[in-house]
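Worksheet: the structure to be examined is printed underneath.
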Amino acid sequence: MPLCESSNGVKIYYRRYGHGSTKVLLIIGLAGTHDSWGPQVKGLTGSIEANDDDDLEAPPCVHTNQEEKSKLDRTRDEEEEEQEDGIEICCFDNRGMGRSSVPTNKSDYTTTKMAGDALAILDHLGWKKAHVFGHSMGSMIACKLAAIAPERLCSLALLNATGGGFECFPKLDRQMMSLAYRFLRAKTPEQRAHVDLDTHYTKEYLDEYVGSSTRRKILYQEYVKGISSTGMQSNYGFEGQVNACWTHKMTPKELDTVRLAGFPISVIHGRYDVIAQLSHAKRLAEKLHPAARMVELHGAHLVSHERPDEVNQALKDLIEASNSKEIADDWSYMPESESGE
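For the sequence shown, counting from 1, position 28 maps to 28 in UniProt numbering; every step adds exactly one.
Spelled out as structure tokens, the structure:
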């Protein structure tokens, strides 16, 4: 089982996908696991098959003649050239979730310590630099990582981001109060799946038909299966990760470090996110201007699943932009604020 040891003996479970010189680290959000990045893994690498066993030493090959050896050498050269142009992704379970360690002290869960976990993975893999993409709480961790070790980032993507403290709280209306009540009462994978669907996607997306079934029915089965395989998050893990979100803060100095680091930034958000408010993401993008581009998409909190093609294209654009030595003048984009924001 691929594990990386971080500080104080905390072990982080990770998986790698794809091959190439372009390295991408994906950081998931609260109560999520590494496989929540499925649409991005497939969209960026073309595969969902993990390659963590590829490092095993291959048996020696005996060539029958020089001609066959030459053909094999040419094939290897072509494969290496293809891999050089490809993308390798690493995604992992944050501490407190999935197959990673679950510390029992709430103080062991902060975005700074969790950024340290991400940095430990980069070191463990031998990646000097990587594109770092985070979702929700993962975007908080990604921001901290960018402030702690800006020299390790090629680019930064913050999906459905929000700030710490009171900014963590969603808009408290009747719908959200009902969702919060159902979430806290969910004790089984089936109950949790129902709540997750209503918080992750827009109603119109869930009501769409795919063949003879609605997306809601299809996704419900997938969610129950996924939650059952990893198990419900422990109280220690949930309360710890909530603590990490609540105590998260980016100081003006840290924001300046990220903004002036020289890599491009994308803040990607679903307009109908009921968990992380769009207004908070816009303010974060403004604070990171002119390095940041604001990308608003039709979707909810899991816009990475609801609009995978658009999200993946935004991430590919970010990777391409990072290849230039300087951030292009036309990279930064901030949509006009709507009245009342």
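Even glycine gets a Cβ: it sits at the ideal position worked out from N, Cα and C.
Under the 8 Å Cβ criterion, the stretch 241 to 258 counts as touching the stretch 139 to 147, having at least three qualifying pairs. Take the alpha-carbon of Gly38 and the one of Phe166: they are about 30 Å apart. For a cut-off of 8 Å, the C-beta gap from Gly138 to Gly226 is around 17 Å, too long to register as a contact. Between Ala276 and Glu5, the alpha-carbon positions lie close to 31 Å from each other.
In terms of Cβ geometry, Ala244 and Val267 do not form a close pair [threshold 8 Å]. Sequence-distant partners of Ala193 (beyond 5 residues in either direction) whose C-beta falls short of 7 Å from its own C-beta, in its chain, are Tyr220, Tyr223, Val224 and Ile227. Apart from the 5 residues on each side of it in sequence, Asp85 sits with its Cβ closer than 7 Å to the Cβ of Gly20 in its chain, given in chain order. Beta-carbon to beta-carbon, Val195 and Arg215 are separated by about 16 Å, too far to satisfy the 8 Å threshold.
Measuring C-alpha to C-alpha distances from Lys187 to each of Ser178, Met177 and Ser234 identifies Ser234 as the nearest. When Cβ pairs closer than 8 Å are counted between the two stretches, the stretch 127 to 138 is seen to touch the stretch 149 to 168, the count reaching three or more. Its chain contains His200 and Tyr201 as the residues whose beta carbon lies nearer than 7 Å to that of Leu302, once the 5 sequence neighbours on both sides are disregarded; these appear in chain order. Leu197 and Gln191 have their C-alpha atoms some 10 Å from each other. Rounded to whole angstroms, the gap between the alpha carbons of Glu310 and Val41 is 14 Å. Under the 10 Å beta carbon count, Lys171 is surrounded by fewer than 16 other beta carbons and is classified as exposed. The C-beta separation of Lys129 from Cys91 comes to about 17 Å, leaving the pair out of contact by the 8 Å criterion. Residue state for Gly270 is assigned as strand, using DSSP reduced to three classes. The straight-line gap separating the alpha-carbon atoms of Gly163 and Trp331 is approximately 23 Å.
Here Val242 is actually not in contact with His131; their C-beta atoms are around 28 Å apart, not less than 8 Å.
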